[in-house]
Amino acid sequence: MKSDYIKSIILILLGFLTIPLLEILPVAGGGASLIIVITIPFLILVGVIMAIIYNSYYKKKNDEAIKRKAFVIMILILVVLNLLLFPHK
Numbered sequence: 546m547k548s549d550y551i552k553s554i555i556l557i558l559l560g561f562l563t564i565p566l567l568e569i570l571p572v573a574g575g576g577a578s579l580i581i582v583i584t585i586p587f588l589i590l591v592g593v594i595m596a597i598i599y600n601s602y603y604k605k606k607n608d609e610a611i612k613r614k615a616f617v618i619m620i621l622i623l624v625v626l627n628l629l630l631f632p633h634k
């Protein structure tokens with residue numbers, strides 16, 4: 546049970562992945578700041594929605610393999626969305 550709670554927190558925190566990326570990767574010009582202002586809340590919302598789905602639906606499943614696959618797929622979706630929507634040069 547505690548691991549499901551931690552996995553939900555991880556999914557929510559992956560929505561904030563764009564913020565550390567701003568310090569690591571170079572950001573494009575001035576128009577990129579508008580993209581950042583729009584994408585950060587969107588990605589946070591997607592992370593929260595995935596955490597709610599994982600916590601409510603997969604919490605009832607007893608099969609650990611299905612829960613692990615769903616968690617990995619949700620992580621991959623969030624990481625790919627963060628990298629695709631990031632306004633890099």
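Numbering of the sequence shown is given in my numbering, commencing with residue 546 and proceeding in unit increments.
A virtual CB, placed ideally from N, CA and C, is assigned to each residue, including glycine.
- For V572, the pairing in a beta bridge is given by DSSP as H633.
- Non-local beta-carbon contacts of L630 in its own chain, meaning distances under 8 Å to residues more than five positions away in sequence, involve T563, I580, T584, F587, L588 in chain order.
- A straight line joining the alpha-carbon of A615 with that of L628 spans about 20 Å.
- Per DSSP, reduced to three states, the secondary structure at F561 is coil, with no helix or strand assignment.
- Under the three-state reduction of DSSP, K605 is assigned to coil, being neither helix nor strand.
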